[in-house]
């Protein structure tokens with residue numbers, strides 16, 4: 277079996293030394309996978325508190341750590357987390373709707389009541405992004421949600437003839453930020469039968485006109 281030589285930082289070993297460790301290929305694969313997991317968790321923690329790449333650089337500099345993620349690598353980790361989050365959220369909402377229908381498979385539509393409320397990224401009804409959620413009165417779980425955005429940097433800079441324009445649909449709202457909740461609720465109610473197999477017959481909440 278062949279071995280590789282792996283340089284270990286002095287911070288891991290003695291304060292005044294630099295160690296050279298002999299690591300088998302199988303162990304190297306484990307280390308690479310572990311490093312990838314650490315990168316993902318690092319980006320995930322930053323996104324949870326609303327921070328991005330610039331904050332990651334400042335944090336690493338403050339802790340006297342090398343900037344081990346480039347901007348491209350950071351974005352790749354973000355997209356990986358986005359894909360996983362969307363998948364988990366969609367499965368969770370479908371399962372919540374299935375509990376109301378007492379089955380996870382396709383069944384006739386069931387009437388139920390929901391509480392609808394919206395929130396924004398920034399206060400003052402001037403936010404460019406918002407989200408509207410529908411919560412079941414029976415189970416207290418989220419049945420559906422609609423993410424609304426008024427502006428996207430990529431959408432704003434792309435050309436109408438590019439293939440990117442056909443695939444990327446991020447900005448999905450035109451109008452005031454205060455109207456996002458009404459539009460989001462309308463979209464959720466409109467697709468309730470096809471996407472969740474539910475008829476939202478009762479509404480609990482408040483409108484902002």
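Residue numbers (the working numbering): 277 to 485. From the three backbone atoms N, C-alpha and C, an ideal C-beta is built for every residue, glycine too.
Excluding the 5 residues flanking residue i on each side, which residues of the same chain have their C-beta closer than 7 Å to its C-beta?
i: residue 393; result: 409 and 481
i: residue 322; result: 328, 331 and 332
i: residue 373; result: 419, 472, 473 and 474
i: residue 290; result: Any reading at residue 290 needs caution, since the residue's pLDDT is 38, under 50, leaving its predicted position unreliable; the model's value is listed next. Nothing listed; no residue qualifies.
With a threshold of 8 Å on Cβ separation, who are the neighbours of residue i within its own chain once the five nearest residues in sequence on each side are excluded?
i: residue 402; result: 453
i: residue 375; result: 415 and 417
Tell me the DSSP bridge mates of residue i?
i: residue 406; result: 396 and 424
i: residue 412; result: 390
i: residue 478; result: 389
i: residue 319; result: Beta-bridge pairing links residue 319 to no other residue.
i: residue 418; result: 411
Once the 5 residues before and after residue i are set aside, which same chain residues still bring their CB inside 6 Å of it?
i: residue 478; result: 389
i: residue 404; result: 426 and 427
Could you check whether residue j and residue i sit closer than 8 Å to each other, using their CB atoms as the reference points?
i: residue 344; j: residue 319; result: no
i: residue 391; j: residue 424; result: no
i: residue 357; j: residue 395; result: no
Can you say whether residue i is buried or exposed, counting buried as having 16 or more other CB atoms within 10 angstroms of its CB?
i: residue 464; result: buried
i: residue 486; result: With the chain covering 277 to 485 only, the question about residue 486 has no answer from this structure.
i: residue 469; result: exposed
i: residue 406; result: buried
i: residue 353; result: buried
i: residue 359; result: exposed
i: residue 411; result: buried
Quick check: is any heavy atom of the ligand GDP less than 7 Å from the C-beta of residue i?
i: residue 358; result: For the structure depicted, the ligand GDP is absent and the ligand set is empty, with no information on it obtainable.
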